[in-house]
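**Student:**
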Amino acid sequence: DGTSFTVATATAGSLLMVALGLPLFMFVARQTPALVIEKALDPDVHRVLYLGVYGPLLAALLSLLFGVPLAHLLAKGFSGQPLVESLVDLPLVVPHSVAGIIILFGFGKGGAFPQFSVLGTMVGLVLAMAFVSAPYAVNASREAFEAIDDRLEYASRIHGANNWETFRRVTGPLAVRGMITGGVLAWARAVSEFGAVAVVAYSVEFFYPFAGGTVTAQHAPVFVYNTYLQGGLEESGAVAFLLLAVSAVIFLLVR
Amino acid sequence: DGTSFTVATATAGSLLMVALGLPLFMFVARQTPALVIEKALDPDVHRVLYLGVYGPLLAALLSLLFGVPLAHLLAKGFSGQPLVESLVDLPLVVPHSVAGIIILFGFGKGGAFPQFSVLGTMVGLVLAMAFVSAPYAVNASREAFEAIDDRLEYASRIHGANNWETFRRVTGPLAVRGMITGGVLAWARAVSEFGAVAVVAYSVEFFYPFAGGTVTAQHAPVFVYNTYLQGGLEESGAVAFLLLAVSAVIFLLVR
Amino acid sequence: MTRLTADIRSTFTADGAEPFTVDAALEVESNETCVVLGPSGSGKTLLLETIAGFHEHTGVVTANGTDITGQPPEERGFGFVFQDYALFPHMTVRENVEYGTRYRESSRDAAELLAELGVAHLSERNPPTLSGGEKQRVALARALAIRPSVMLLDEPLAALDVPTQQALRDDLVDVLADVTAVYVTHNRTTARAVADRIVVMQDGRVVQRGTPEDVFERPASPMVARFTGANVIDLSAAPSLRRILDDDIGSQARSDGSGRGPVDRDSGTDAADHVAIRPEAITLNDADGDLSATVERVVREDATSRVTLAFDDVTVEAFATSPPVVGTEVALSFPRDRLHPC
Amino acid sequence: MTRLTADIRSTFTADGAEPFTVDAALEVESNETCVVLGPSGSGKTLLLETIAGFHEHTGVVTANGTDITGQPPEERGFGFVFQDYALFPHMTVRENVEYGTRYRESSRDAAELLAELGVAHLSERNPPTLSGGEKQRVALARALAIRPSVMLLDEPLAALDVPTQQALRDDLVDVLADVTAVYVTHNRTTARAVADRIVVMQDGRVVQRGTPEDVFERPASPMVARFTGANVIDLSAAPSLRRILDDDIGSQARSDGSGRGPVDRDSGTDAADHVAIRPEAITLNDADGDLSATVERVVREDATSRVTLAFDDVTVEAFATSPPVVGTEVALSFPRDRLHPC
Chain A
1 DGTSFTVATA TAGSLLMVAL GLPLFMFVAR QTPALVIEKA LDPDVHRVLY
51 LGVYGPLLAA LLSLLFGVPL AHLLAKGFSG QPLVESLVDL PLVVPHSVAG
101 IIILFGFGKG GAFPQFSVLG TMVGLVLAMA FVSAPYAVNA SREAFEAIDD
151 RLEYASRIHG ANNWETFRRV TGPLAVRGMI TGGVLAWARA VSEFGAVAVV
201 AYSVEFFYPF AGGTVTAQHA PVFVYNTYLQ GGLEESGAVA FLLLAVSAVI
251 FLLVR
Chain B
1001 DGTSFTVATA TAGSLLMVAL GLPLFMFVAR QTPALVIEKA LDPDVHRVLY
1051 LGVYGPLLAA LLSLLFGVPL AHLLAKGFSG QPLVESLVDL PLVVPHSVAG
1101 IIILFGFGKG GAFPQFSVLG TMVGLVLAMA FVSAPYAVNA SREAFEAIDD
1151 RLEYASRIHG ANNWETFRRV TGPLAVRGMI TGGVLAWARA VSEFGAVAVV
1201 AYSVEFFYPF AGGTVTAQHA PVFVYNTYLQ GGLEESGAVA FLLLAVSAVI
1251 FLLVR
Chain C
2001 MTRLTADIRS TFTADGAEPF TVDAALEVES NETCVVLGPS GSGKTLLLET
2051 IAGFHEHTGV VTANGTDITG QPPEERGFGF VFQDYALFPH MTVRENVEYG
2101 TRYRESSRDA AELLAELGVA HLSERNPPTL SGGEKQRVAL ARALAIRPSV
2151 MLLDEPLAAL DVPTQQALRD DLVDVLADVT AVYVTHNRTT ARAVADRIVV
2201 MQDGRVVQRG TPEDVFERPA SPMVARFTGA NVIDLSAAPS LRRILDDDIG
2251 SQARSDGSGR GPVDRDSGTD AADHVAIRPE AITLNDADGD LSATVERVVR
2301 EDATSRVTLA FDDVTVEAFA TSPPVVGTEV ALSFPRDRLH PC
Chain D
3001 MTRLTADIRS TFTADGAEPF TVDAALEVES NETCVVLGPS GSGKTLLLET
3051 IAGFHEHTGV VTANGTDITG QPPEERGFGF VFQDYALFPH MTVRENVEYG
3101 TRYRESSRDA AELLAELGVA HLSERNPPTL SGGEKQRVAL ARALAIRPSV
3151 MLLDEPLAAL DVPTQQALRD DLVDVLADVT AVYVTHNRTT ARAVADRIVV
3201 MQDGRVVQRG TPEDVFERPA SPMVARFTGA NVIDLSAAPS LRRILDDDIG
3251 SQARSDGSGR GPVDRDSGTD AADHVAIRPE AITLNDADGD LSATVERVVR
3301 EDATSRVTLA FDDVTVEAFA TSPPVVGTEV ALSFPRDRLH PC
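Residue numbers (our numbering), protein chains in the order written: chain A, 1 to 255; chain B, 1001 to 1255; chain C, 2001 to 2342; chain D, 3001 to 3342.
Encoded structure:
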């Protein structure tokens, strides 16, 4: 009867919740506060966290800049659309380490633009991040555009506004939440990326304003992995905890 | 005017297409056929590809098994829903290497279930994959459930079908495409996962039917990374090419 | 042969909207059709869905005196026809009609029902390929197939075009003749065509209940009057009508000593400063007219013309088979027995 | 003061649906209102949107003789009122109404327009908080604010409840009096209220065009008859009516030698086996009735009752102010000048 259905679905759902929630709970519960504080005060960790937020931000902004116009085109429809859609979605299913290798083939030595180097540079880092996160910016913006009733744009056009004005006054404002969501999703995806970055830019030099000059650091997930390999679970856990806190803030922005 | 708007959006969109498409094209164009064939005939690579498809499949099926009931609950709404939603979406923004560390904290030594070991085991591999891919199964199924007009379920109930029958005859059949999409997305996500797997189960022992016994191999993206570190770009590119072909097949299933 | 009563109180909270409370009661005798009439947003659909068991609520629903409040929808034995049809898109028409029959001891044959409703030729088609009128006939057949003890209908005609509405309405009148039914609509013509009794809802509450005659001739409030198509005249803006009515009262008081005219303006409420009269009750160009009015507008309807007339500071509508010319003056008569305070 | 013509051919392909071709022409004289009448799916909305410039098409659209086919919508100077209002949800009512004014040299004051339409008090509200009738008044004001040369209206009343429809229809009649307009609807009463001329569409094509009188009294096909609410009688199923008409033709042939009765059954098409007559043209209980029919059904409408009558193998509808009793026999008269072959 009705109750058994609810009990059955709730049980199955709860098991998944445990599988997802329990490790997170254990992870937080098993932290050593002293170690977390030590890591939180470590200038190396500061640099890593700065790069782990700043690099992804650049990638997300780039994704939005070029992704929003593409999303608008996709929402309106054009010939050859399925091919473009496939290309946009492909990074979602490319294995992360393969994505890094693809970028090295495309933009690395012997690639399309020999004049700039991507291996182990900030350019490579942002490029790797943009490659994996652009689909999120495009798809979220596209959904926002598609959710707008065509007739609102018709109403704008017939009452005198051209394409630009219609975008500025109607389509843009109505889709802005979706664009922001897309940007934040792209940001979060870039923050979490490990494989492509590990291949393309294991560690990079970048301008660090708090030091007033260039420093070398690794992208945060790479640093966590590195710490795990060199320092073990305990130590990497403390760094991971700090990174997770940063991710959680971005996550709250998404919701 | 109207034309300038289309030109501007098409230009921006094309640039993004180049950024995503060009490296892929270069990657394919720059392969050495002989090396690809050599790798394609390598029994080690076979094992890796087998594991790289089979492990994710287990993770995707697990995600669906527990994710579909949860998706149904989320589509209907319940109290405490926002908390559960957060927990479901969290793995999407957790950095991949951090996800691995979280799983070690939760289910590894000193974790919740000391009786089973996850570090470097098949159980750990599937668990790591399920952790990062379950949100896809849940969210796609949930969207499918939410797209069904409530009144179809009302119509089923009022004309005599209880909750179970309504699910079996109306809700399930109407949402089945969404569930399949969710399963394939989860599968693709698990195939592409690198960070969590690299931390939890860098290489695992598993039953390999073609050898009739257990063998040891790495998850495909880990193997690509390993090859890159040890054999360089050229050799890892050939392996990556094979893995990309597998991903492309899954990708075509998604669309 | 089921007598249905419902006395329901429930608050609904849709995402991002103000909570909406439905607090309404109705009683439907065996084989009667009770029409719930009201504007959109009055809660009539929520009331109907609550009777069907789709929503939690406080209060009591009974069928033949048995309390069925706690029963899930599938145990109530009701049929439901939805405004947007709600046909199962993945089943054929026949499978849709037969959907509920396996759960009932007694059911009707799908082919026979489809034939009766004139859609037998559609039985192997899929719902998305049907026209609106065809879909609604199939939905009606699906509900009838389970031999429902009560039929619940939620604006079944609202999504159809006018000729289809009229044809289906005729069939509905036949179908509803021998089953207990609750019929939700905002269309007064439909209400009058199918109703044995009418419940008028506004803002989640019942504002009037009675026979069609009661509700159409004696609306309880200006809102009911407006919704049933009656004129509402504010007597303070229509001194010439007020004078006539006062004279009547005076003369009647003198003649029968009751002191009460047919327009009960002494009922003690301010509302009695308004009178309602149906447009078809007002006669034009009567030799013995009560007052003179200007023709403001004439709109041709099927059998007649709807004429808007102005006098003092009010306008009223009336019907005329031979419509007067806009701008001219005509004499109006207000039959005293059809003027009602509201 | 704009004369509009459109002669359009365009094929539309929606996702997963059959391609649909609209191939239709219409001409609207200055300040006239042309109603496009047709069932849902007849392509009337697509025709209207194509005239507005929203869709690519072949053919020609002209305004005052100027070919505007290649102009984007924003250069046409038209106003458009949508069925579902299409108000900008992120702007206030006033901002909505003023939306297009910055692009026009001459425009109307928003406050004044809102006051004229009776919604001045809403000017700082946001559209999602308005009722349907209020939204449509705002949408009307937005279109009027740009002093459109042509008003295009897509079923502006369809989403509203009946009393709101009637009130807004009256305002629309006033507004459309002095502007060229194309008005799309499936409602024959609305069509008759606002139309100077009517174009009837079916399956993407024009099946009849003419004055309301033409279309309502002389429908070109059974479909048009049905859609305008006229009776269509298949003479082969109604031998008693055929006999009477044949007698008429005989006697007329004898008396005036023309050999043609008023019912032009010799026009050489099979369609002439059907005749159309409006229900309001048929009189009941005429002393001198043409034939006798059984009363099958009586439905009360506002001013009158709609009576369904059966004779031979056909049924017809007629109106009666004092409705007969169901099951009784009544005499029917068919005025010869209102019977038309179709």
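The C-beta atom is built at its ideal place from N, Cα and C for all residues, glycine as well.
Owing to the predicted nature of the structure, the values given are computational and were not obtained by experimental measurement.
(1) Going along chain B, which residues have a C-beta under 8 Å from residue 142/A?
(2) Please state whether DSSP places residue 1250/B in a helix, a strand or coil.
(3) So, under 8 Å CB-CB, residue 9/A and residue 1069/B are touching, yes? Tell me the CB distance rounded to an integer number of Å.
(4) Check whether the Cβ atoms of residue 2141/C and residue 2114/C lie closer than 7 Å to each other.
(5) Could you tell me how far apart the beta carbons of residue 2057/C and residue 2066/C are, in whole angstroms, since I believe they sit closer than 8 Å?
(6) List, in chain order, every chain B residue whose beta-carbon is nearer than 9 Å to that of residue 2052/C.
(7) From residue 3220/D to residue 3342/D, what does the alpha carbon distance come to, in whole angstroms?
(8) Could you check the C-alpha separation between residue 196/A and residue 210/A for me, to the nearest Å?
(9) Roughly how many angstroms separate the alpha carbons of residue 2262/C and residue 2336/C, rounded to a whole number?
(10) Using 10 angstroms around the beta-carbon of residue 1191/B, count the other beta-carbons present and answer buried if the total reaches 16, otherwise exposed.
(11) Beta carbons nearer than 9 Å to chain D: which residues of the stretch 2270-2284 of chain C have them?
(12) Within a Cβ cutoff of 8 Å, which residues of the same chain sit near residue 3019/D, ignoring the five residues on either side of it in sequence?
(13) Straight-line CA distance for residue 1060/B to residue 3151/D?
(14) Exposed or buried, which one is residue 3310/D when buried takes at least 16 other CB atoms within 10 Å?
(15) Would you say residue 3298/D and residue 3323/D are within 7 Å of each other, going by their C-beta atoms?
(16) Could you have a look at residue 3341/D and say whether DSSP puts it in helix, strand or coil?
(17) Going along chain C, which residues have a C-beta under 8 Å from residue 3126/D?
(18) Near residue 2244/C, what residues of its chain come up, given a Cβ to Cβ distance below 8 Å and the 5 sequence neighbours on each side ignored?
(19) Measuring straight from C-alpha to C-alpha, what distance separates residue 18/A and residue 1102/B?
(20) Please compile the residues from chain D whose C-beta is within a distance smaller than 7 Å of the C-beta of residue 2301/C.
(21) Listed from N- to C-terminal order along the chain, which residues in the stretch 158-184 of chain A have their beta-carbon within a distance smaller than 9 Å of any beta-carbon of chain D?
(22) So is residue 3002/D buried or exposed if we call it buried at 16+ other beta carbons inside 10 Å?
(23) In whole angstroms, give me the CA-to-CA distance for residue 971/B and residue 1220/B.
(24) Output the residue ranges of the beta strand (DSSP E) runs that lie fully inside the stretch 2070-2096 of chain C and measure 3 residues or longer, sorted by chain position.
(25) At a Cβ threshold of 7 Å, is residue 1080/B touching chain A?
(26) Hey, quick one: how far does the alpha helix (DSSP H) through residue 1158/B stretch, first residue to last?
(27) Pick out whichever of 3054/D, 3077/D and 3178/D has its Cα sitting closest to the Cα of residue 151/A.
(28) In terms of DSSP beta bridges, what is residue 2244/C paired with?
(29) Assuming residue 2183/C contacts residue 1159/B (C-beta within less than 8 Å), just tell me the rounded distance between them.
(30) List, in order along the chain, the chain B residues whose C-beta lies closer than 8 Å to that of residue 2142/C?
(31) Is there a Cβ of chain B sitting closer than 7 Å to that of residue 2090/C, yes or no?
(32) What span of residues does the beta strand (DSSP E) with residue 3332/D cover, start to end?
(33) Against residue 1149/B, what residues of chain C qualify as contacts under a CB-to-CB distance less than 7 Å, listed in chain order?
(34) Which residues of chain B have a Cβ atom closer than 9 Å to the Cβ of residue 5/A, listed in chain order?
(35) With H, G and I counted as helix, E and B as strand and the rest as coil, what does DSSP make of residue 31/A?
(36) To the nearest angstrom, how far is the alpha carbon of residue 3073/D from that of residue 3301/D?
**Tutor:** The relevant details are as follows:
(1) In the first sequence, residue 142/A corresponds to position 142, counting from 1. Those do not exist, as residue 142/A stays about 11 Å from chain B at its closest Cβ, beyond 8 Å.
(2) For this step, residue 1250/B is matched to residue 250 along the second sequence. In the structure shown, residue 1250/B sits in a helix (DSSP, three-state: H, G or I).
(3) Position 9 of the first sequence, counted from the start, is the residue given in the question as residue 9/A. Position 69 of the second sequence, counted from the start, is the residue given in the question as residue 1069/B. Contact flag correct, Cβ pair sits at about 4 Å.
(4) Your numbering for residue 2141/C matches position 141 in the third sequence. Your numbering for residue 2114/C matches position 114 in the third sequence. For residue 2141/C and residue 2114/C, yes; Cβs fall inside 7 Å.
(5) Translated into the one-based positions of the third sequence, residue 2057/C becomes position 57. Translated into the one-based positions of the third sequence, residue 2066/C becomes position 66. In fact, because the Cβ distance is near 17 Å, the residues do not count as touching under 8 Å.
(6) In the third sequence, counting from the first residue as 1, residue 2052/C sits at position 52. Under the 9 Å cutoff, chain B gives 1154, 1157 and 1158.
(7) Locating residue 3220/D in the fourth sequence gives position 220, where the first residue counts as 1. Locating residue 3342/D in the fourth sequence gives position 342, where the first residue counts as 1. Going from the Cα of residue 3220/D to the Cα of residue 3342/D covers about 5 Å.
(8) Position 196 of the first sequence holds residue 196/A. Position 210 of the first sequence holds residue 210/A. Going from the Cα of residue 196/A to the Cα of residue 210/A covers about 27 Å.
(9) To locate residue 2262/C, count along the third sequence from 1; it is residue 262. To locate residue 2336/C, count along the third sequence from 1; it is residue 336. Caution applies to residue 2262/C, whose pLDDT of 49 falls short of 50 and renders its modelled position unreliable; the value that the coordinates give is listed next. Roughly 6 Å separates the two Cα atoms.
(10) Indexing the second sequence from 1 puts residue 1191/B at position 191. Result: buried.
(11) Taking 9 Å as the Cβ-Cβ cut-off against chain D, the residues of the stretch 2270-2284 of chain C that qualify are 2278, 2279 and 2280.
(12) Your numbering for residue 3019/D matches position 19 in the fourth sequence. 3011, 3012 and 3013, listed in sequence order.
(13) The residue you call residue 1060/B lines up with position 60 of the second sequence. The residue you call residue 3151/D lines up with position 151 of the fourth sequence. C-alpha separation (whole angstroms): 56 Å.
(14) For this step, residue 3310/D is matched to residue 310 along the fourth sequence. It counts as exposed.
(15) To locate residue 3298/D, count along the fourth sequence from 1; it is residue 298. To locate residue 3323/D, count along the fourth sequence from 1; it is residue 323. Their beta carbons are under 7 Å apart, which means residue 3298/D touches residue 3323/D by this criterion.
(16) Numbered from 1 along the fourth sequence, position 341 holds the residue referred to as residue 3341/D. Looking at residue 3341/D - three-state DSSP - the assignment turns out to be strand.
(17) For the purposes of this step, residue 3126/D is taken as residue 126 along the fourth sequence, with counting starting at 1. Those do not exist, as residue 3126/D stays about 13 Å from chain C at its closest Cβ, beyond 8 Å.
(18) By 1-based counting over the third sequence, the position of residue 2244/C is 244. Closer than 8 Å at Cβ, skipping near neighbours: 2290, 2291 and 2334.
(19) Stepping through the first sequence from its first residue, residue 18/A is reached at position 18. Stepping through the second sequence from its first residue, residue 1102/B is reached at position 102. The alpha-carbon atoms of residue 18/A and residue 1102/B are separated by roughly 13 Å.
(20) Within the third sequence, the letter at position 301 stands for residue 2301/C. Within 7 Å of the CB of residue 2301/C, the CB atoms of chain D belong to 3189, in sequence order along the chain.
(21) 158, 159, 160, 161, 162, 163, 165, 166, 169, 170, 173 and 174
(22) Counting from 1 along the fourth sequence, the entry for residue 3002/D is found at position 2. Flag for residue 3002/D reads buried.
(23) A question about residue 971/B goes unanswered here, because the residues of chain B that appear run from 1001 up to 1255.
(24) 2078-2081
(25) In the second sequence, the residue the question calls residue 1080/B occupies position 80. Nearest CB-CB separation between residue 1080/B and chain A: not below the 7 Å threshold.
(26) In the second sequence, the residue the question calls residue 1158/B occupies position 158. Its alpha helix (DSSP H) spans residues 1150-1158.
(27) Counted from its first residue, the first sequence places residue 151/A at position 151. Among 3054/D, 3077/D and 3178/D, the Cα nearest to that of residue 151/A belongs to 3054/D.
(28) Residue 2244/C sits at position 244 when you count from the first residue of the third sequence. The partner list for residue 2244/C (beta bridge, DSSP) is empty, contrary to what the question assumes.
(29) Sequence index remark: in the third sequence, residue 2183/C carries index 183 (1-based). Sequence index remark: in the second sequence, residue 1159/B carries index 159 (1-based). The Cβ separation is near 18 Å, so there is no contact.
(30) Indexing the third sequence from 1 puts residue 2142/C at position 142. Near residue 2142/C (Cβ distances below 8 Å), the residues of chain B are 1155 and 1159.
(31) To locate residue 2090/C, count along the third sequence from 1; it is residue 90. With 7 Å as the cut-off, residue 2090/C counts as an interface residue toward chain B.
(32) Here the question's residue 3332/D lines up with position 332 in the fourth sequence. In the DSSP assignment, residue 3332/D falls within the beta strand (DSSP E) that extends over 3329-3333.
(33) Indexing the second sequence from 1 puts residue 1149/B at position 149. What residue 1149/B touches in chain C: 2086.
(34) Here residue 5/A corresponds to residue number 5 of the first sequence, with the count starting at 1. 1162, 1163, 1164, 1166 and 1167, listed in chain order.
(35) Within the first sequence, residue 31/A is the residue found at index 31, counting from 1. Three-state DSSP puts residue 31/A in coil, outside helix and strand.
(36) Stepping through the fourth sequence from its first residue, residue 3073/D is reached at position 73. Stepping through the fourth sequence from its first residue, residue 3301/D is reached at position 301. In a straight line, the C-alpha of residue 3073/D is about 43 Å away from that of residue 3301/D.
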